[in-house]
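All remarks here apply to the structure that follows.
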Amino acid sequence: MDIGSNVVKCLRLDLTGERPVVTHFAMADLPPEAIVDGEIMDRELVIEAIQEAAQKAGIPDEPVASAVAGRAVIVKKIVMDKMSEADAREAIYWEAEQHVPFDIDDITLDFQILQDDIGADQMELLLVAAKKDMILGHAELIRDAGFRPVVIDVASFANQNTWEYISSHGGFTAGEKLPLDEPVDEGDSVDDLAPFDEDEDADAGPEAEASSSEFVALLDVGGGVTNVHIVRDGVPYFTRDLPVGVAHFIEEFQKQLGLTYDTAHNVARGHLDDVDPQLVADIVRSVGSEIYQGLEPSLSYLKTSGEADGIDRIVLSGGGAHLPGLLEYLSESYNVPSEKADPLAGLDYDPELFGDGEAEELSPLLTVSVGLALREAVGK
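Mapping of the sequence shown onto the working numbering: position 164 corresponds to residue 195, and the numbering continues sequentially without gaps.
Laid out in structure tokens, this is it:
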């Protein structure tokens, strides 16, 4: 269940066969005032949208995996004295005080040991911190909508799950279209709300090989925010949110081209009827430069840490993946190959689930929901 600022998406996978099968899918629009800058402003509107999407998808009352994002989530690589994982769990709160800009009593923490020996009797960890009130509020929201939240992940990790799965299962090639199967029995579920599974390292092996040691920038351009998530070999190196999203492009289309909101929204989806394509391209490059500039701290981090000279590939997802010329602009700016995320390429599905001819257009918007559904935690 992906609760975005503009849309709630519910997606269910059957993982029992050779390839995952999408068995249920639907989405429901959210009014602009329901969620602002990642903060829920109108709970009832969001609950209604969750129930509408779930009802349209035909998803019964069952366990749910969802995700959080925004300024209240911190993902950071840190170095600390070498110790066992058990001892690290005791020490992590003290270490986190040095790296997290929140009161330590107000956050929930998790971590993953990336390298258990980097020399000088030290090790490298990935620290994940989120404000408790956001995690609990997100879970309560889902519960009030009639579902049982069993996993609250980080949206950028779900995006990464999708990228790694697709790239390790034949790349971005068209998935086979199948009739819908009967829903599978989910069974019991774990009750923890944490972004890491205990056996995650074991699962990461074949997925990590697909990246061929490339530094990949996963850019999820949502309604109001762009999430930057840089990964290599299954390891996140940098995560941050940029305060620019599809809404900013739409606003500029309206102002500079004199368009209504609906027409500007259609332009953002790549429909250029009755507009000057060159003017649209100029606006996309202008607003897109904010994403380009926002990536600079990520690249500076890679360079100063000695990890790499820059990124090797860009994968664009979210509603912004359809912005005409944005993918090409970013690819040219960094002189690296780029591609539009297509999570449905690695799944089997009945086209009727997504409407007539809409699967291709919807696919880049599904990286988070697919990444959540690919987790096996819900079925345990």
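Note that beta-carbon positions come from the ideal geometry of N, C-alpha and C, so glycine has one too. None of these values were measured; they are calculated from a predicted model.
Under a Cβ-count criterion, where at least 16 other Cβ atoms within 10 Å of its own Cβ denotes burial, should residue i be classed as buried or exposed?
| i | result |
| --- | --- |
| R43 | buried |
| A151 | exposed |
| T335 | exposed |
| L156 | buried |
| Y292 | exposed |
| W194 | buried |
| M154 | buried |
| V353 | Reading off the sequence shown, one finds His at residue 353, where the question assumed Val. Answer is buried; the Cβ neighbour count reaches 16. |
| H130 | exposed |
| D304 | exposed |
| T47 | exposed |
DSSP on residue i, reduced to helix/strand/coil?
| i | result |
| --- | --- |
| F178 | coil |
| V306 | coil |
| I149 | coil |
| P96 | One point to set straight first is that residue 96 is Ala, not Pro, in the sequence displayed. Strand. |
| T270 | strand |
| T257 | strand |
| E245 | coil |
| R316 | helix |
| I105 | strand |
| A372 | coil |
| H296 | helix |
| F133 | coil |
| A160 | strand |
| S199 | coil |
| T291 | coil |
| T335 | helix |
| Y70 | The question names Tyr, but residue 70 is Glu in the sequence shown. The answer is strand: DSSP assigns E70 an E or B state. |
| I34 | strand |
Going along the chain, which residues of its own chain have a beta-carbon closer than 6 Å to the beta-carbon of residue i, five neighbours each way excluded?
| i | result |
| --- | --- |
| R406 | A96 |
| A57 | C41, A84, K87 and A88 |
| L393 | F385 |
| I81 | V39 and A176 |
| A312 | G356 |
| N37 | L61 and G254 |
| Y323 | S364 |
| Q285 | A295 |
| E359 | none |
Going by CA-CA distance only, name the one from the options that's closest to residue i.
| i | options | result |
| --- | --- | --- |
| I197 | Q86, D373 and E338 | D373 |
| V280 | V252, E70, K40 and D272 | A quick correction: the sequence has Phe, not Val, at residue 280. The option with the nearest alpha carbon to F280 is V252. |
| T257 | S187, E70 and P308 | S187 |
| I149 | E391, I109, A376 and I81 | I109 |
| I34 | L172, L158, Y323 and R102 | L172 |
| D92 | E121, M32 and W125 | M32 |
| A122 | L158, K107, I105 and V104 | L158 |
| G265 | S199, A339, E363 and A299 | S199 |
| E368 | T47, D343 and Y380 | The amino acid at residue 368 is misidentified as Glu; the sequence shows Pro. The shortest Cα separation from P368 among T47, D343 and Y380 belongs to D343. |
Residue j and residue i - do their beta-carbons sit closer together than 8 Å?
| i | j | result |
| --- | --- | --- |
| L249 | Q191 | yes |
| I90 | V77 | no |
| P245 | R263 | Just to set this straight, residue 245 is Glu in the shown sequence, not Pro. Result yes, Cβ atoms of E245 and R263 sit closer than 8 Å. |
| K162 | D137 | yes |
| S348 | T294 | no |
| P382 | A376 | no |
| V247 | V346 | yes |
| I105 | A160 | yes |
| E79 | M72 | no |
| G350 | L396 | yes |
| I144 | A119 | yes |
Residues in the same chain with beta-carbon distance under 7 Å from residue i, minus the five sequence neighbours each way, listed in chain order, please.
| i | result |
| --- | --- |
| E128 | I135 |
| H260 | S187, N190, Q191, L249, P267 and T270 |
| E126 | I109 and M111 |
Measuring only between beta-carbons, confirm whether residue i sits less than 8 Å from chain C.
| i | result |
| --- | --- |
| H302 | Going by chain labels, chain C is absent from the structure shown, which holds only one protein chain. |
With a CB to CB cut of under 8 Å and the five nearest residues on each side skipped, what residues in its chain are close to residue i?
| i | result |
| --- | --- |
| D147 | K113 and M154 |
Could you check if residue i belongs to the surroundings of the ligand GDP, using beta carbon to heavy atom distance under 7 Å?
| i | result |
| --- | --- |
| G168 | Annotation note on the ligand GDP: not contained in the displayed structure, which lists no ligands. |
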